[in-house]
Amino acid sequence: MILVLSPPDDEQGPEPVLEWLRAYGASFLRISSADLVDMPRSWVIDATRGDILINGISLREQVHVVWYRRFFDFFGDALTAAPAAAGAQHTADSSHLAQLLFDVLRNKLWLPNYPALHQAHNKLATLQLAQRSGLLTPNAQVLSTKADLRVFLAANNDQLVTKAAETNDLFPEPSIETAALPAQISAAELEELPDQFLPTLVHARLEAAYELRVFYLDGSCYATAILNEPLSDGDASVASLSELYGAPPTQVVPYQLSTTIAMRIRNFMRAARLRTGSLDLLRTPTGEYAFLDVNPVGQYLSPSHQCHYRLEQRIAQWLIANDHPPVARAKGPTTVHAPRSFFR
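When we follow the numbering used here, the leftmost residue of the sequence shown carries the number 11, and every step to the right adds one.
Here it is in structure tokens:
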């Protein structure tokens with residue numbers, strides 16, 4: 011059985027994939043983060059066997075693959091929305107149930123690999139993995155003083171971009187009064203900053219001919235180009251696609267990655283232990299590809315609809331193909347192809 015973990019409402023939620031699962035006659039169960047707070051179905055927690063039964067369905071015995079869509083990200087919202095009368099004990103019980111749910115599902119096949127999500131949120135770790143995988147990355151440092159920032163700014167053409175080093179407060183807030191940095195820093199912005207600020211990931215601002223977004227699914231890359239400027243005659247990979255699809259320069263068009271870059275992306279995602287994710291890259295005016303970021307639960311509907319990639323169908327096919335009892339697996343994610351009949 012396929013288990014789908016998702017928030018109750020999300021514009022990039024699972025419903026398009028669920029429609030394909032229904033069309034294929036797949037066996038699946040969906041749990042929303044709100045279900046842990048206000049249970050609409052019969053939940054039985056078998057503490058002896060370490061199992062959870064929902065309407066008689068054993069998560070331990072019957073679930074083989076888990077599709078995760080920001081489930082725990084929205085769990086706090088569900089707790090906040092619970093009636094005040096529920097009390098602190100109910101909140102604590104719901105939190106314990108969420109942890110037990112993960113423990114029961116720990117050894118299942120996840121899309122993406124849930125333990126790897128936390129590392130992927132750490133931008134320092136992802137940049138290092140990208141470099142080791144052969145991808146170009148912008149010069150980056152974590153800085154906390156104006157003096158160090160001035161040196162780094164001068165070494166990078168007086169153009170820097172800031173990002174939180176980690177989305178979940180990797181660095182605790184200092185006891186002293188500090189200020190956050192602006193999104194972009196030039197010499198003018200530098201003079202307005204305090205002498206000390208929160209430790210912040212700062213990287214060089216790269217010139218972009220165009221931006222790329224790549225949806226990755228277990229070895230396959232589905233790339234789109236975001237075109238903001240008129241196309242050059244020399245960029246046939248984009249120009250031909252734009253002409254074919256009749257796309258104006260500001261629209262998103264399908265993009266064919268080079269074999270080398272696609273291989274490096276696969277190496278990076280396998281090193282990060284991510285079976286899926288949405289990667290942000292850019293192509294420089296000199297033709298180099300630069301890695302910027304990866305979101306393990308990034309958008310799939312937008313590139314699917316804009317570029318006719320049918321990603322919702324492909325995700326459903328992947329889930330069905332992996333809905334079987336565990337077998338001996340090589341370390342790291344492996345590519346499992348759906349039955350041939352799915353691609354008719």
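We put the beta carbon where it would ideally sit given N, CA and C, even for glycine. This one's a predicted model, so the numbers in the text were calculated from it and none came from an experiment.
- Message: Starting from residue 54, trace the beta strand (DSSP E) in both directions and tell me its first and last residue.
- Response: 53 to 56
- Measure the alpha-carbon distance for residue 304 versus residue 26 and round it to whole angstroms. Spanning the two alpha carbons is a distance of roughly 22 Å.
- Query: Quick one: is residue 71 buried, meaning 16 or more other Cβ sit within 10 Å of its Cβ, or exposed?
  - Reply: It counts as exposed.
- Query: For residue 336, which of helix, strand or coil comes out of DSSP?
  - Reply: coil
- Message: Please report the straight-line C-alpha distance between residue 329 and residue 159, rounded to a whole angstrom.
- Response: 46 Å
- Unbroken beta strand (DSSP E) run spanning residue 72, endpoints: Here residue 72 belongs to no beta strand (DSSP E); instead the alpha helix (DSSP H) covers 69 to 72.
- Message: Counting only beta-carbon separations shorter than 7 Å, does residue 54 have a partner in chain B?
- Response: The chain inventory of the structure shown lacks chain B, comprising one protein chain alone.
- Task: Would you mind working out which of 43, 11, 52, 45 sits nearest residue 37, comparing C-alpha positions?
- Result: 11
- Item | Spatial distance of residue 274 from residue 143 (CA atoms) | The alpha-carbon of residue 274 is positioned some 6 Å away from that of residue 143.
- Any idea what DSSP makes of residue 81, helix, strand or coil? In the structure shown, the three-state DSSP call for residue 81 is coil.
- Item | Inter-residue Cα distance where the pair is residue 74 and residue 231 | 25 Å
- Query: Mind checking whether residue 18 and residue 57 have CB atoms under 7 Å apart?
  - Reply: no
- Query: Would the C-beta of residue 265 count as close to the ligand FAD, meaning under 6 Å from any of its heavy atoms?
  - Reply: Looking at this structure, you won't find the ligand FAD or any other ligand, since it has none at all.
- Task: Below 8 Å on the Cβ atoms is my guess for residue 137 versus residue 216; work out the distance and round it to an integer in Å.
- Result: Not a contact, Cβ separation roughly 13 Å.
- Based on the DSSP secondary-structure assignment, which residues constitute the bridge partners of residue 301? According to DSSP, residue pairing for residue 301 in a beta bridge involves 291.
- Task: Report the rounded CA-to-CA distance for residue 24 versus residue 229, giving the unit in angstroms.
- Result: Each residue's alpha carbon lies about 21 Å from the other.
- Task: Would you tell me roughly how many angstroms separate the C-alpha atoms of residue 61 and residue 15, rounded to the nearest one?
- Result: 17 Å
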